[in-house]
Structure formats: C-alpha cells, structure tokens
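Each residue of the sequence shown is one higher than the one before, counting from 7 in the working numbering. Yeah, the Cβ is synthetic: ideal placement off N, Cα and C, and Gly gets one too. One structure below.
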Amino acid sequence: MKVIISEIPDEGLELELTEKISSDESIKIVTPVKASLKIDKKGSEVIITGRAKGTVELQCSRCLKAFDMDIDSAINVVYHPASEINKEEHYELKGDELDTGFYKNDTLDTEDLLKEQLVLNIPMKPLCSNDCKGLCPKCGANLNITQCNCLTSEVDSRLAVLKQLLNKKEVN
Ligand SMILES: [Zn+2]
Ligand SMILES: [Zn+2]
C-alpha cells in the first residue's frame, strides 16, 4: 500500500498488512507477505519498525533444486527524502543498526519496503536442507536422490593430488 508521509499523524501509524508482492529477478515470493509495522515521522525522516513474514522460493546452492523458505524478518529502517540522496555517506556513518531507504513524492510504498527487507534476509548460499549432498561434480547426479559411481574415484584422485603435494613438501 502507499503511505502518504505528510498524512502520518504525530503519534505515528500502526499497520497490519497482508500484501501481495510481485516477484522479479531479485526475489520470488510465493505467499502474500504479512507485516506489522510502526511508522513514525521525525522531521523529514520516516522510521519504520516491525516484522514481516513471507515465503520465498529459492534455489539450493548445492543441488540447484527449487525450494520454499519462510522468512521472518525484523524491520528497522529509516527513510529519507530522495532529495537527500547525495548525502548518503553521511547516513552510513551515523549508525549501522538501521537500514536506509529513500522516498519520493511524499509517498512510501510498503510493497517496495517489504520486498527490500525480504531480499536482505535471503541467505547468500541457500540450502534446501543443511545436509544437502549436492550434485556430483563429475556426472551432475543429484546425490540426495541417487548414488552415482563417480564418487569413490573422485575421492581417490583427490587423495592422489594431496599425496603429490605432501611429497613435494618433503623434497623441499
Ligand atoms: Zn540442495
Ligand atoms: Zn557422478
């Protein structure tokens, strides 16, 4: 939803939202995002705190399988008017507990805000499960599903390389 910043009352605004967020290349959100937000105005700054929950579709970094992951993220953001965008360095120095955003035309779009917050909470290397065995580097078989025959020879050749290295060290 769009929040008109000049209409935020002095005591702040409390919102309970269920917002459908369109997916793009940065994130694929499979369920509407549920959020509770407190929006406060301090001069030209808008401070947003609260939580957002949603389910995103990720690709496992080991086996490449698509899987759903629930994200429950705490929100602590301060929005500045876009006209102050050049002073960004100044804000980075000010404090690192708060994320920084910018608003334009007296409007804060909660869809953009929630999307950004979920993107920030996606793990760098998502895993479908902590003990995902990944793909065989040789034949590409998904080792969670099948056991290929490459694995033993793969380990042997790695050992051989290691032995060679050790031998070299001894020579030196
Ligand atoms: Zn996996
Ligand atoms: Zn294999």
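Cβ-based neighbour list, residue i, same chain, cut-off 8 Å, excluding 5 preceding and 5 following
| i | result |
| --- | --- |
| Ser79 | Arg57, Ala58, Lys59, Gln123, Leu124, Leu126 and Asn127 |
| Asp112 | Ile10, Ile11 and Ser12 |
Rounded distance between the beta-carbons of residue j and residue i, thought under 8 Å
| i | j | result |
| --- | --- | --- |
| Cys154 | Cys138 | No, Cys154 and Cys138 are not in contact; Cβ-Cβ is about 16 Å, not under 8 Å. |
| Glu22 | Ser42 | 5 Å |
| Val9 | Ile35 | Incorrect: roughly 20 Å between the Cβ atoms, too far for contact. |
| Leu104 | Asn82 | 5 Å |
Cβ neighbours of residue i in the same chain (closer than 6 Å, five flanking residues each side left out)
| i | result |
| --- | --- |
| Thr24 | Pro38 and Lys40 |
| Glu20 | Lys44 |
| Asp76 | Thr61 |
| Lys71 | Cys134 |
| Lys110 | Ala88 |
Cβ neighbours of residue i in the same chain (closer than 7 Å, five flanking residues each side left out)
| i | result |
| --- | --- |
| Leu149 | Lys139, Gly140, Leu141 and Cys142 |
| Ile53 | Asp46 and Val84 |
| Cys156 | Cys142, Lys144 and Cys145 |
| Lys121 | Ile27 and Ile33 |
| Glu117 | Glu25 and Ile27 |
| Ala166 | none |
Minimum C-alpha distance to residue i - residue among the options
| i | options | result |
| --- | --- | --- |
| Pro132 | Tyr85, Asp74, Val52 and Ile54 | Asp74 |
| Pro26 | Asp112, Met7 and Gly18 | The residue asked about is misnamed: residue 26 is Lys in this sequence, not Pro. Lys26 has its Cα closest to that of Met7, out of Asp112, Met7 and Gly18. |
| His86 | Leu104, Leu70, Lys71 and Phe108 | Phe108 |
| Ala214 | Leu119, Val167, Ile151 and Ser50 | Given that the chain is displayed from residue 7 to residue 178, the structure contains no residue 214 and the question cannot be resolved. |
| Leu119 | Cys69, Thr55, Lys169 and Glu90 | Thr55 |
| Pro129 | Leu64, Ala72 and Thr116 | Leu64 |
| Ala147 | Lys48, Glu31 and Cys69 | Cys69 |
Minimum Cβ-Cβ distance from residue i to chain C less than 7 Å
| i | result |
| --- | --- |
| Asn111 | This model lacks chain C altogether; it includes just one protein chain. |
Between the CA atoms of residue j and residue i - distance to the nearest angstrom
| i | j | result |
| --- | --- | --- |
| Pro15 | Ser67 | 45 Å |
| Leu114 | Ser29 | 19 Å |
| Cys134 | Ile151 | 13 Å |
| Lys174 | Glu90 | 60 Å |
| Gln170 | Thr106 | 52 Å |
| Glu31 | Leu168 | 41 Å |
Inset, instruction - Pick out the complete beta strand (DSSP E) segments inside the stretch 62-133, 3 residues or longer, and give them in chain order. - result: Complete beta strand (DSSP E) runs here, min 3: 72-87, 105-109 and 113-115.
Legend entry - 3-residue-minimum beta strand (DSSP E) runs that sit fully inside the stretch 21-65, ordered along the chain: You should have 39-48 and 51-65.
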